[in-house]
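Chains as they are written, first to last, in our numbering: chain A, 4 to 148; chain B, 17 to 364.
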């Protein structure tokens, strides 16, 4: 995906949608960026790309939400996790998130995700990092390696 | 009929005993892990349950609820268990405990949806008296929904948030303004300090207020706060920032309340509501309660406004027991050997 600049929410959604077209299943995507940087908006786009019919809302308080996808051969679920409230990997295990990480029929989007990269690496699960930065009130820089 | 309620969907572990007798509803006790509130019947001090995990707290809390209600478990007619939505690891504790009690004591088991619990947390002295149809605004950290209650047990989704829940928006805005935790109450407290002069001209949008539908969006407003606050921090002195902080908190609260009130009143018109219900953790917000109460009185003729007691606004088992009652009288019972917690259980 490389480096991208989006000028408003619609463009961030479109970028997320484009990104989702390159997914094959089993990916764990870590979304790193401050409050208001566009992480949930990006997931909305990815969800649209995968044919999720429900509205993607912020999982900050509910921590994990699982959505059924419709438009993909392999990917049956989109899992949206938010560790803003300080959940560590062990707590994620407790809520059953580990059952989804790395599964070929799922893609997982984790907002914030502190400490998760190393934790999953030890379990041989690769993560993809996408970084979100705010350039102005509406402009965002969204990069992945 | 005596119902034992059990709630453990998220952070709180709670148990409660209610008694419904010839249409009269009595909350005999409600015990909540983060705060222990006991009703007038029980005069003593209830020991604090210190354990961190639901699994350590649940049985002592059920014990306390029964003790405070001066009720032996054999007198319970049914057990109401919140089975979702929520966090699976939290829900499971309450559900499995309820199932075990149901089987071992041979008491009927009722599964209750957490959101229905909030909706019915407004039942006070009598059961079955909500004038229908009712439009309910359920606002908490994790949920923001407008629900049409056609009948007890018959609900329809009118609208909801497209991104952040109201409680979450309060929490995150409080974080931006460095107001401490929990964010919602901290922000409301800060807002009280505002003198209303608004000398720094702080104005926030009222998101989706004219959208013509019953949906909400609160993620944009936190971004607005972030940018305005960052700008103010660059130009104002420390003293000026103190004033601006209070003004910002007040303006944010007002913007959110404006949108919530407007959409709820519009829904009241659209659905010919006889009652407007406000419930969920954010229903504890005094400004929201007052503004909505005023709006209902002024703009919706002969419509009743119902809201929970302060102690019933957050997650609690009293509301679960009440919601359970309505299922019990219709004999809608769950199979204690097969009931599963459902973290995604949608009421509407």
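Glycine is no exception: its CB is placed at the ideal position from the N, C-alpha and C atoms.
Can you confirm whether residue i, when its beta carbon is compared against all beta carbons of chain B, has any partner nearer than 9 angstroms?
i	result
residue 136/A	no
residue 26/A	no
residue 133/A	no
residue 147/A	no
residue 129/A	no
residue 61/A	yes
residue 31/A	no
residue 68/A	yes
residue 6/A	no
residue 64/A	yes
residue 10/A	no
residue 58/A	yes
residue 51/A	no
residue 35/A	no
residue 54/A	no
residue 77/A	no
Can you find a CB in chain A that lies within less than 9 angstroms of the CB of residue i?
i	result
residue 199/B	no
residue 191/B	yes
residue 98/B	no
residue 243/B	yes
residue 340/B	no
residue 105/B	yes
residue 66/B	Caution is warranted here: a pLDDT of 29 is assigned to residue 66/B, below 50, making its placement in the model unreliable, and no coordinate value can be reported.
residue 348/B	no
residue 23/B	no
residue 359/B	yes
residue 178/B	yes
residue 251/B	no
residue 113/B	no
residue 29/B	no
residue 101/B	yes
residue 181/B	yes
If distances are taken between C-alpha atoms only, which option among the options comes closest to residue i?
i	options	result
residue 158/B	19/B, 180/B, 139/B	180/B
residue 142/A	4/A, 10/A, 134/A	10/A
residue 82/A	94/A, 91/A, 98/A, 69/A	69/A
residue 60/A	44/A, 53/A, 54/A	44/A
residue 346/B	126/B, 75/B, 104/B	126/B
residue 42/A	127/A, 121/A, 115/A, 108/A	115/A
residue 322/B	99/B, 146/B, 37/B, 275/B	146/B
residue 26/A	15/A, 46/A, 40/A	46/A
residue 175/B	220/B, 35/B, 117/B, 282/B	282/B
residue 187/B	64/A, 58/A, 107/A	64/A
residue 71/A	147/A, 8/A, 108/A	108/A
residue 139/A	239/B, 166/B, 219/B, 305/B	239/B
residue 327/B	213/B, 85/B, 47/B	47/B
residue 284/B	305/B, 140/B, 320/B, 49/B	320/B
residue 140/B	231/B, 271/B, 246/B, 43/B	43/B
residue 244/B	219/B, 209/B, 227/B	219/B
residue 306/B	116/B, 277/B, 208/B	277/B
So, are the CB atoms of residue i and residue j less than 9 angstroms apart?
i	j	result
residue 109/B	residue 71/B	yes
residue 7/B	residue 107/B	Only positions 17 to 364 of chain B appear in the structure, and residue 7/B is not among them; the question remains open.
residue 121/B	residue 293/B	no
residue 124/B	residue 349/B	yes
residue 295/B	residue 173/B	no
residue 129/A	residue 123/A	yes
residue 102/B	residue 200/B	no
residue 33/B	residue 82/B	yes
residue 182/B	residue 40/B	no
residue 114/B	residue 95/B	yes
residue 241/B	residue 268/B	yes
residue 10/B	residue 18/B	One cannot answer for residue 10/B here, as it falls past the ends of chain B, which runs 17 to 364.
residue 49/A	residue 135/A	no
residue 29/A	residue 105/A	yes
residue 234/B	residue 177/B	yes
residue 93/A	residue 62/A	no
residue 221/B	residue 236/B	yes
residue 138/B	residue 223/B	no
Would you say the beta carbon of residue i comes nearer than 8 angstroms to a heavy atom of the ligand ZN?
i	result
residue 138/B	With respect to the ligand ZN, the structure offers nothing, as it holds no ligand at all.
Assuming residue i and residue j are in contact, meaning their beta carbons sit under 8 angstroms apart, how far apart are those beta carbons, in whole angstroms?
i	j	result
residue 28/B	residue 229/B	Between residue 229/B and residue 28/B the Cβ distance is about 33 angstroms, and since that is not below 8 angstroms, they are no contact.
residue 32/A	residue 110/A	7 angstroms
residue 168/B	residue 364/B	Not really, about 14 angstroms apart at Cβ, beyond 8 angstroms.
residue 357/B	residue 111/B	4 angstroms
residue 31/B	residue 289/B	Actually they do not touch by this definition, with Cβ atoms about 33 angstroms apart.
residue 133/B	residue 361/B	About 12 angstroms separates the two Cβ atoms, so there is no contact after all.
residue 74/B	residue 359/B	Their Cβ separation, rounded to whole angstroms, is 18 angstroms, which puts residue 74/B and residue 359/B out of contact at 8 angstroms.
residue 86/A	residue 117/A	6 angstroms
Should the stretch 159-167 of chain B be called in touch with the stretch 253-264 of chain B, which here means at least 3 C-beta pairs below 8 angstroms? By the C-beta criterion, the stretch 159-167 of chain B is judged not to be in contact with the stretch 253-264 of chain B, since fewer than 3 inter-stretch pairs fall below 8 angstroms.
For the stretch 64-77 of chain A and the stretch 192-206 of chain B, state whether three or more C-beta atom pairs, one from each stretch, are separated by less than 8 angstroms. Flag = no, the stretch 64-77 of chain A and the stretch 192-206 of chain B do not touch.
For the 8 angstroms Cβ check, are there 3 or more pairs between the stretch 305-315 of chain B and the stretch 336-345 of chain B? These segments do not touch.
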